[in-house]
Every structure is written in structure tokens, then in C-alpha cells.
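Shown next, in C-alpha cells, is the structure this report addresses.
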Amino acid sequence: MYNFQNTHYFSDDLGLHLVDADTGSLYVDANGNRHYNVERHFVSDWLRVLQFEGRLHHDPRPKFEENNDDTFRKSGLYPLIEPFDLKGVGGVSFRYRDLIRQDDTWLYLPFLRRVRRLSSAQRSDALFGQDIDVDSYGGYAGQIPWFEWKLLGEKPMLASLHGERLPPEPCTKDGGMTFCEVWEKRPAVYVIEGKPKVSNYAYSKRVIFVDKETNFIIYSDLYDQSGELWKVVMQSIRTSKRPNPRSTTSMTSHACSSTRSASSTCS
């Protein structure tokens, strides 16, 4: 799990503009066809992440010498553009170099004109009617020491790590819960169980499936307090040297890279 944290989906800085997500429910019609009913559509203006240590590609490398907050990483998701009743909501989170120190996460609520601080347990709650919680972003976004980890084994599994469509195209055959992409057999996937040490955590445990070659989390099973499977996070990723595969503009002065990942959560 420390390998996953230190070789994450990015190593330096991350900036995603107009990040969007849908939340809703799945139902089966009389003919047995599954349909995903979108209930709310979320759009955030920016998702920004600044890495303070372990930087590989951009100066300052390997870390920021000036780090008054003693942070490992700072991130922000702000402001929400949709839905209308949450317009202007934003959040900022600090992860510290001290692995025992819990994250500090603050939310700005424009309808209250106040900033509210989230506790560690609240990071496992689904905020604002979403299906996914903050600690499940990217498969797992919490601190590693917050859990007791156990390697259950490894096995081959199917995963979507070389997507081709931009934007991602939900599959109609399963009601839009997965993306119609190229799926491949990954020869070795770690199966890891994590049980929270934090009190009042929403889940009794997580079972995380980590691709051995890339440290990419392809699935994450979340169990409720009674030990029943509650939610499943499925992740797909697409990488390209151009922001848009249909673009004909050539980059002559410097190399351009872009990564587009998508995840879905069902309960």
C-alpha cells in the first residue's frame, strides 16, 4: 500500500478542469435489461493537486524546500458549478509528512458563508448525495496507517487500463455501470484487505485490487458494518500523448501528455 501511495497516478502536480460525475440508481426493467437512472450531475471547475515530496519531473525536485505546513500533498476541488443547489461549494485538503497525523480537510459552504472542517470519519461518508466518499477517490485516498492491511494473495483479473474513447462511453448492456473499452487480462493483481482503525468509520473493511505492474487500483469492494458488500468502485484509465485523439494539431516545441481516468461507483 505504501508503494501505491508513493507511485500514485501522478508524481508532481495535477490539474483537471471541469471534472464531472453522475450519481443515481440502477434498476431492471420487465425484460431484464439494466438501466442507470442519473439523479444528480456534478461539475467542478477545478481539481488541483500539489505534491511537496517525491517529485520526479518538475522543479523543484525532489521536494519543496519551503514547506511551512510540513505537508506531503495539498489538494483542492473547487468550486462546484452543478448542481445548482451546491454551486460554489469547494474543499481543500492537507496530507502531512507525518504519517500518523490525520488529514485536515475543509469545506466552504456558500449557503452558510462558513468553512466547515471534516473529521477523519466523515471522509468515509458520501457527501452531498454522491455515491462515492472522499476516501474512495482513486480506489483509496486515505492515509495508509489508518487501516490494518493484510495481503490476501494475488491472482489474474480483467481490467481496463488502455482505454481508447474520449470521453469515456458507458456501456448500455449493463446499464452504464462500466465503460465500453478494451478489457485485458492482468496476470497479477494484489488482493489486499484493509480494516479501519478510525472510530465511526462508515465501512467495516475494504478489499482493494491493485495491479502489480502499475500499482493502479482496478477495483475496490467496500463492506458495511454488518460485513455485507455495500459498494464497488471500478476504475478505467486512458493515456495518450495528445489531449484529444481526434486533434490534428502537432506539438513542435515540446512534448504534450494527457491522462484521462474515469471511475464509477455502484451501491
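Under this note's numbering, residues 22 to 288 are what the sequence shown spells out, in order. We put the CB at the ideal spot given by N, CA and C, even for glycine.
Our two residues, V210 and G45, have alpha carbons roughly 30 Å apart in a direct line. When DSSP assignments are scanned along the segment 186–218, the uninterrupted stretches of beta strand (DSSP E) that are 3 or more residues long and fall wholly within it turn out to be 205–217. Under DSSP, the beta-bridge partners assigned to F115 are K95 and D125. When Cβ pairs closer than 8 Å are counted between the two stretches, the segment 175–191 is seen to touch the segment 254–265, the count reaching three or more. If the five residues before and after S145 are omitted, its C-beta is found closer than 7 Å to the C-beta atoms of D154, D156, Y222, A223 and Y224, all from its own chain and listed in chain order. For a cut-off of 8 Å, the C-beta gap from K233 to E169 is around 21 Å, too long to register as a contact. Cβ neighbours of I121 within its own chain (closer than 8 Å, five residues either side excluded): P166. Contact check between the segment 65–81 and the segment 30–50: three or more CB pairs, one atom from each, fall below 8 Å, which counts as touching.
When Cβ pairs closer than 8 Å are counted between the two stretches, the segment 200–214 is seen not to touch the segment 52–63, the count staying below three. Contact annotation: G97 and G75 have beta-carbon atoms that are not nearer than 8 Å. Each residue's CA atom was taken as its position, placing V219 and L172 some 20 Å apart. The shortest C-alpha to C-alpha distance from R207 to any of R138, Y240 and E214 is the one to Y240. A straight-line Cα-Cα distance of about 33 Å links F85 and R134.
In the three-state reduction of the DSSP assignment, F168 falls in the strand class.
P81 and Y99 have their C-alpha atoms some 25 Å from each other.
Sixteen is the threshold: since fewer than 16 other Cβ atoms of the shown chains lie within 10 Å of the Cβ of K262, the residue is exposed.
Boundaries for Q26: no beta strand (DSSP E) harbours it, while the alpha helix (DSSP H) harbouring it runs Y23 to N27, taken from the DSSP string.
When the five nearest sequence neighbours on each side are left out, the beta carbons in the same chain lying within less than 6 Å of the beta carbon of M22 are those of I165 and W170, in order along the chain.
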